[in-house]
Amino acid sequence: MYIINDIVYAGEPVDDLSVIHVKIVERLCLLVTFNNNEQRIFDCTELLNYPVYQALIDQSVFDTVAIQHGIIVWEDGDIDISTEKVYRMSYPYNNQQII
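Numbering-wise (our numbering), the sequence shown opens with residue 521 and increments by one.
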């Protein structure tokens, strides 16, 4: 367990990883750039198994994706996900992929 900005997170932090850019690339899928300049594809479909993320089914809610304090959020921070979880659930982006 660890704390960032007075928020308690489960698990262990991944070397002060933060999100510096996020782009919607298709339905429930994001291209995420981390502060180590690594780009990864994050498929949010699995998040829908958790009640807190059910609102993301609505495209207008999903489209509110933003970054606050290096963390991906939706709905002005009402919905968020830890950067470490995004990293673990995503896969490397091959720059030759067409997005």
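All C-beta atoms in this analysis are idealised placements derived from N, C-alpha and C, irrespective of residue type, glycine included.
Apart from the five residues on each side of it in sequence, which residues of its chain come closer than 6 Å, Cβ to Cβ, to residue 601? 592
I'd like to know whether the C-beta atoms of residue 577 and residue 568 end up nearer to each other than 8 Å. yes
DSSP state of residue 611, grouped into three classes? strand
Anyone know if the C-beta pair for residue 544 and residue 537 falls short of 8 Å? no
Considering only the beta carbon of each residue, do residue 540 and residue 525 sit closer than 8 Å? no
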